[in-house]
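Under our numbering, the first residue of the sequence shown is numbered 1, with each subsequent residue one higher.
This report concerns only the one structure given below.
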Amino acid sequence: MHQQRTFSQKLTLFLKGLAMGAANKVPGVSGGTVSFVLGYYEELIFSFQRFNLKALNLLIRRKYKSFYQYINAQFLLLIMGGSIFSYFSVSLILDFFLQLYELFVWSWFFGMIIGSIIYISKGFEDWYRKNLVYIFLGVIFGLAISFLTPAKENDNLWFVFVCGIIGVSGMTLPGLSGSFILLLLGNYVLLLVDSVNVLLNVITNLLTGNFQVLSDPIKIKYLKIIAVFTGGSVFGLVSISHILGYVLKRWNKMVNAIILGFITGSLGIVWPWKKAIYTQENGTFLYDKEGHKVIENYERFLPEVFNLETVLAVFFIFLGIGLILAIDYYERRRKR
């Protein structure tokens, strides 16, 4: 699958990585769905699978060029580079819009997921009864996850490592939102808000020559947490990709049917009309380091029909659907 790419293709991959990174940070939105719709899901799984004993052997024998080509490193660097860069750029912009225009952002995501369902369902040329059963199972699983109640925050490093493994699943499993799973595990704020902000603060200080920041025990604690979380994520990416690669090769239609059902079932997570329920302790709300309330769960409700806000939200839903279908149309035109 290793191939030479033009500059425009490299830039496109980087931008796709940005989109995946932004999606991974938003609870309810799956980076795996983004990779599936944008057409690089199978190459992503294939590339992570290449982290195996043969790759290790090439490294030990110092065959760096062969190692680089074997693991499809150019693709991974562009996609993962875009995804990591997104955490400090696009996702911050997304956070800003979520605070100011929450309903419209969720409506846009809701529409994009509906568009993704339409896109994936096109891949089923024959709708067998067995496929419908797998889709139904996926729907049930997606619905079950969307109504779970989150746990309390836990900064034990072993648990943080497990969070890394589970949280990264959103990148490899379309429909499963890694950030929503972290919300359920109680560690979303700790791992994707506080730790990321501390890491950014430390990097900024180091670049300006302030090395005293490394003597701050609280910052060191958060750096350890994000390092362990990253380690768990890398381990999860490689191990889950090996399992998925094996499963996709043998039961491709079944897996796609479950993915389709799971994405459909998870629509409840991104239902635009919902109110956040915040964690309370001793009668007062809990806040993270940045002063944001810690979300416990969501209360979903039906919108007012004759309302300008509702009309705009519905517009953004159709905009999201249109965006995915436009990407699908462009990809099909490009392949002709």
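Idealized CB from N, CA, C, for every residue including glycine.
In this model, Ser47 and Leu302 are separated by some 43 Å (Cα to Cα). In this structure, Tyr40 is the residue among Leu100, Ser86, Tyr40 with its C-alpha nearest to the C-alpha of Leu76. Within the stretch 169-216, no beta strand (DSSP E) run of at least 3 residues lies entirely inside it.
For Arg300, DSSP records a beta bridge to Lys274.
Secondary structure note for Glu42: its alpha helix (DSSP H) is the uninterrupted segment 41-49. Taking one beta carbon from each stretch, the stretch 2-20 and the stretch 76-87 have 3 or more pairs nearer than 8 Å; the two touch. Look at the beta carbons and you see the stretch 211-226 not touching the stretch 93-103: under three pairs across the two are nearer than 8 Å. Judged by DSSP secondary structure, Thr33 falls within the alpha helix (DSSP H) whose first and last residues are 31-37. Contact between Gly320 and Trp108 holds: CB atoms are separated by about 5 Å, below the 8 Å threshold. By the beta-carbon neighbour count (other beta carbons within 10 angstroms, threshold 16), Gly261 is buried. In the structure shown, the three-state DSSP call for Leu248 is helix. A residue is called buried once 16 or more other Cβ atoms fall within 10 Å of its Cβ, and Ala313 is buried on that count. Look at Asn57 here: in three-state DSSP terms it is helix. Of the residues assessed, Val305 falls on the exposed side of the cut-off, its CB having fewer than 16 other CB atoms within 10 angstroms.
Rounded to the nearest whole angstrom, the CA to CA distance from Leu56 to Tyr64 is 11 Å. Judged by DSSP secondary structure, Arg129 falls within the alpha helix (DSSP H) whose first and last residues are 129-146. Straight-line measurement puts the Cα of Pro217 at about 39 Å from the Cα of Ile243. The C-alpha of Leu206 lies about 11 Å from the C-alpha of Leu199.
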